[in-house]
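Shown next, in C-alpha cells, is the structure this report addresses.
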Amino acid sequence: MQPSVKAFLAATAVAFGLFSPFAMAQGNAAPTNSAAPAATQVVQPTDSQLEQYARTYKKVAQTASEYQPRLDAAKSDAERQTIVQEADQRLVGVVTSNGMDLADYNGISLAIQQDPALRQRVEGMLK
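UniProt numbering puts the sequence shown at residues 1 to 127.
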C-alpha cells in the first residue's frame, strides 16, 4: 500500500512554512505535524541526501503547482479527488525518478520541520 502523496506534500509544505496546494484546493489550511503519515520516521540525512532532497523538492513543487489551476477549476469533490489521484501517481514518479525513496523523502521532510538548522541548509540549497 502506497502512502498518499498528499500527506508527504503536506509534510514538505509544512517543513518550509508553506501549505499544500492539494489541501488548499479542498479548503483546508495546512495541517501541522499530524499531516505526515504515522509510519514516517525522521531521517537524519547526509549532505548528499540533503542535496538530492533539495533537487527533488524543486521538481515536486513545480509538478504540484502544475495541478493547482486544475484543482481550482474543479467543479466537484469527485473531480478534485480524480486530479489528486493523478497528481499522487505523477509525484511519486517524480520522487522515485530522482533516485529517492518516498519514505526517505518523507523522513527528510520531517527532519527539516523539526530542525531549524537543517531547514536553513535546505533553504540555501533551494536558492
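We put the beta carbon where it would ideally sit given N, CA and C, even for glycine.
(request) Would you check if there are 3 or more beta carbon pairs closer than 8 Å linking the region 62 to 70 to the region 84 to 97? (result) Because the criterion of three Cβ pairs below 8 Å is met, the region 62 to 70 and the region 84 to 97 touch.
(message) One question on the structure: do Ala111 and Val42 come within less than 8 Å of each other, judged by their Cβ atoms?
(response) Counting from one through the sequence shown, the residue named residue 111 turns up at place 111. Counting from one through the sequence shown, the residue named residue 42 turns up at place 42. Cβ atoms of Ala111 and Val42: closer than 8 Å.
(request) Pull up the distance between the alpha-carbon of Leu118 and that of Lys75, whole angstroms please. (result) Locating residue 118 in the sequence shown gives position 118, counting from the first residue. Locating residue 75 in the sequence shown gives position 75, counting from the first residue. So the alpha carbons of these two residues sit roughly 40 Å apart.
(request) Below 7 Å CB to CB, which residues in the same chain sit around Arg55 once its five sequence neighbours on both sides are set aside? (result) Position 55 of the sequence shown, counted from the first residue, corresponds to residue 55. Cβ neighbours of Arg55 beyond the five flanking positions: Asn98.
(message) In whole angstroms, give me the CA-to-CA distance for Gln120 and Arg80.
(response) Taking the first residue of the sequence shown as 1, we reach residue 120 at position 120. Taking the first residue of the sequence shown as 1, we reach residue 80 at position 80. Rounded to whole angstroms, Gln120 to Arg80 spans 34 Å at the Cα level.
(message) In whole angstroms, give me the CA-to-CA distance for Gly124 and Val92.
(response) The count along the sequence shown starts at 1 and reaches residue 124 at position 124. The count along the sequence shown starts at 1 and reaches residue 92 at position 92. About 24 Å.
(request) Give a yes or no on whether the C-beta atoms belonging to Thr40 and Ala103 are separated by under 8 Å. (result) On the sequence shown, residue 40 is found 40 positions in, with the first residue counted as 1. On the sequence shown, residue 103 is found 103 positions in, with the first residue counted as 1. Their beta carbons are under 8 Å apart, which means Thr40 touches Ala103 by this criterion.
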